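Structure first, then comments.
Number of protein chains: 2
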Amino acid sequence: MKLDAQWIVGFTDGEGCFFVGINSQPEMTAKYQVLPEFTVVQHKRDIQLLHALKDYFDCGVVRTNHGDRMAYRVRSVEHLANRILPFFEKHELKTKKRQDFLKFRNVIHLMMSGVHLTPKGIDDIRIIAAGMNTGQER
Amino acid sequence: MKLDAQWIVGFTDGEGCFFVGINSQPEMTAKYQVLPEFTVVQHKRDIQLLHALKDYFDCGVVRTNHGDRMAYRVRSVEHLANRILPFFEKHELKTKKRQDFLKFRNVIHLMMSGVHLTPKGIDDIRIIAAGMNTGQER
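Going line by line, the protein sequences match chains R and H. At position 104 of the first sequence (counting the first as 1) the number is 104 in the working numbering, and the numbers step up by one without a gap. At position 72 of the second sequence (counting the first as 1) the number is 210 in the working numbering, and the numbers step up by one without a gap.
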């Protein structure tokens, strides 16, 4: 199945999610690990579409999400920076989800510069992440 | 806001619904009224997108759906037949929602031929409607 860029944008506006997790990791210098991810969740009956997304972006995995739901998921910072960000910069999301994407991009850029390895950097990322996926106009 | 056809397909694959309601109407010959509708539901923060869909299809209404959610809705059989069906015939849905669309189209065609005004027609439509939005591979 071949996907059109605008179809991917529309589907992501509906079903996609840009998320930044921050997990406690006491053994690390910064005490926390930043885990950004781009996911698209769908009922398993449409798993072939998730594989088509994986093929399109040439990265990520298709895994069970919860019950009958499957997820296409990209967690590699390198793949997020080089494949996911450029796509949604070129093809802009039309819903307010674009605000989450822009914050997500900020986090990825901070991680590329290495600041997430410092306590100060973690604090900065935490503030950005707290303002994501809140469903508010921002 | 100008929408791209493929964006609309992707967004509908995520957020759209083709539904056929059948309401009891004892005073009608067929005893039931068939109420098909195409809806796209979205949080009110993205109401401008629902209006953009209304502008694109040049029919339908934008109304409150439930709580913070708004819906773009087309209920006119004429508008469904002449504007919504041709669009999704030309631009095919990629998820299994396409199966619902094809059944929805059957119902609209039956209504255009007037069979929904007879008890036999209602029975036929009821069978089609029962197989829609079940989330099954069909």
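Cβ atoms here follow ideal geometry from the backbone N, Cα and C, with glycine treated the same way. Treat the numbers as computed from the prediction; the structure is a model and nothing was measured.
Taking the C-beta atoms as reference points, V9 (chain R) is found no nearer than 8 Å to M111 (chain R). Using beta-carbon distances, D55 (chain R) does not count as an interface residue toward chain H, since no partner is under 8 Å. Cβ contact annotation for V215 (chain H) (same chain, cutoff 8 Å, sequence separation greater than five): P174, I246, M249, M250, in chain order.
Chain order gives the chain R residues near M139 (chain H) as K94, where near means a beta carbon separation below 8 Å. With a 10 Å radius around the Cβ and a threshold of 16 neighbouring Cβ atoms, I125 (chain R) comes out buried. Around the beta carbon of G60 (chain R), a 10 Å sphere encloses 16 or more other beta carbons of the protein chains shown; the residue is thus reported as buried.
Apart from the 5 residues on each side of it in sequence, E92 (chain R) sits with its Cβ closer than 8 Å to the Cβ of V9, R98 in its chain, given in chain order.
Among the CB atoms of chain H, none fall inside 8 Å of the CB of V41 (chain R). Within the region 53-132 of chain R, the beta strand (DSSP E) runs of at least 3 residues that lie entirely inside it are, in chain order, 61-66, 69-74. In its chain, beyond the 5 residues on either side, F101 have a beta carbon closer than 7 Å to the beta carbon of F88 (chain R). Nearest to K169 (chain H) by alpha-carbon distance, out of H:D261, H:C155, H:A268, is H:D261. At a C-beta separation below 7 Å, L49 (chain R) has these neighbours in chain H: K232, T233.
Taking a C-beta distance under 8 Å as the contact criterion, K96 (chain R) and D184 (chain H) qualify as a contact pair.
With contacts defined as CB atoms closer than 8 Å, L141 (chain H) and Y194 (chain H) qualify as a contacting pair.
Sequence-distant partners of I22 (chain R) (beyond 5 residues in either direction) whose C-beta falls short of 8 Å from its own C-beta, in its chain, are Y32, Q33, V34, L35, I122, I125, R126, A129. Within the same chain, M208 come within 7 Å of T202 (chain H) by CB-CB distance, once the 5 residues on both sides are set aside.
Linking M270 (chain H) to T177 (chain H) through their CA atoms gives a straight-line distance of about 14 Å.
Within the model, the alpha-carbon separation for N220 (chain H) versus G154 (chain H) is close to 18 Å. For the pair V212 (chain H) and M28 (chain R), the Cα-to-Cα distance works out to about 55 Å.
Using a Cβ-Cβ cut-off of 8 Å, D262 (chain H) does not count as an interface residue toward chain R, since no Cβ of chain R sits closer than that to its own. A Cβ-Cβ separation of about 4 Å places Q144 (chain H) in contact with Q6 (chain R) under the 8 Å criterion.
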